[in-house]
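The numbering of the sequence shown is our numbering, which starts it at 299 and goes up by one. Don't be surprised by glycine CBs; every beta carbon is placed ideally from N, CA and C. The next block holds one structure in the form of structure tokens; read it before the comments.
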Amino acid sequence: MPKNRPQLLTTTLLAQGRFLQLERRQYRDQRGEVRCWEAAQRRQEQPAALAIATLQPSNRVVLIRQYRPPLDSFVIEFPAGLLNPGENAVAAAVRELREETGYVGDVLGDTGLTSSSAGLTGELVTMVTMTIDERNPENAAPQAKLDDGEAIDVFLVPRHDLRDFLASRQAEGDILDSRLAAWATALT
Numbered sequence: 299m300p301k302n303r304p305q306l307l308t309t310t311l312l313a314q315g316r317f318l319q320l321e322r323r324q325y326r327d328q329r330g331e332v333r334c335w336e337a338a339q340r341r342q343e344q345p346a347a348l349a350i351a352t353l354q355p356s357n358r359v360v361l362i363r364q365y366r367p368p369l370d371s372f373v374i375e376f377p378a379g380l381l382n383p384g385e386n387a388v389a390a391a392v393r394e395l396r397e398e399t400g401y402v403g404d405v406l407g408d409t410g411l412t413s414s415s416a417g418l419t420g421e422l423v424t425m426v427t428m429t430i431d432e433r434n435p436e437n438a439a440p441q442a443k444l445d446d447g448e449a450i451d452v453f454l455v456p457r458h459d460l461r462d463f464l465a466s467r468q469a470e471g472d473i474l475d476s477r478l479a480a481w482a483t484a485l486t
């Protein structure tokens, strides 16, 4: 196996929208050959964070369902969003959990930066694991504070029913977020 690291040579902007841009990236591969790759990028290089949150003591997983225009479908996923300027991933995950579900969680850990879809985009996401104390008065009657244009359904799914729940949502036409699908698969 060649030991040379690929080297990015140029990035050319092909198209630009309000939030995204399409780029052509020319690079030299590990064998020294010049190649091109097209990639979608966010205009502002903002990482994302998502909250893998479990209610305790009931051991229910917090999931959301929202319409995603690129798929023209509803997606079942973990609460997630982009980091605000100056915000770290853990704080963003805590904020997104509260905004999208109304719940206040306690952080257990995080993955650090991971790739969202490396063949398509440079988006990076940190997955943050949390517990939500159901006995905390703040979690007694959670109220989401959604951003303009967001319409989110919240599901509290017992972990032992997760696979069946996800299969039923797929049967109804919803798409599963790949991170959720991988996490659910790893539970079995």
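Runs of the beta strand (DSSP E) lying entirely within the region 407 to 456 and spanning at least 3 residues, in chain order: 422 to 431 and 450 to 456.
Taking 8 Å as the cut-off, the Cβ atoms of residue 427 and residue 411 do not count as close. The three-state reading of DSSP puts residue 485 in coil, since its state is none of H, G, I, E or B.
The Cβ atoms of residue 373 and residue 473 sit closer than 8 Å to each other. Spanning the alpha carbons of residue 336 and residue 322 requires a straight line of approximately 4 Å. Contact annotation: residue 384 and residue 394 have beta-carbon atoms that are not nearer than 8 Å. One alpha carbon belongs to residue 307, the other to residue 414, and they sit about 23 Å apart. For residue 372, the enclosing beta strand (DSSP E) begins and ends at 371 to 375. In terms of Cβ geometry, residue 452 and residue 392 do not form a close pair [threshold 8 Å].
The continuous alpha helix (DSSP H) containing residue 468 extends over residues 460 to 469. Between the alpha carbons of residue 371 and residue 315 lies a distance of about 21 Å. Contact between the region 436 to 447 and the region 331 to 351 is absent: fewer than three C-beta pairs spanning the two stretches fall below 8 Å. For residue 393, the enclosing alpha helix (DSSP H) covers residues 387 to 399. Taken through DSSP and simplified to helix, strand or coil, residue 478 comes out as helix.
Spanning the alpha carbons of residue 325 and residue 334 requires a straight line of approximately 6 Å. Judged by DSSP secondary structure, residue 305 falls within the beta strand (DSSP E) whose first and last residues are 305 to 314. When only Cα atoms are considered, residue 420 and residue 435 end up about 40 Å apart.
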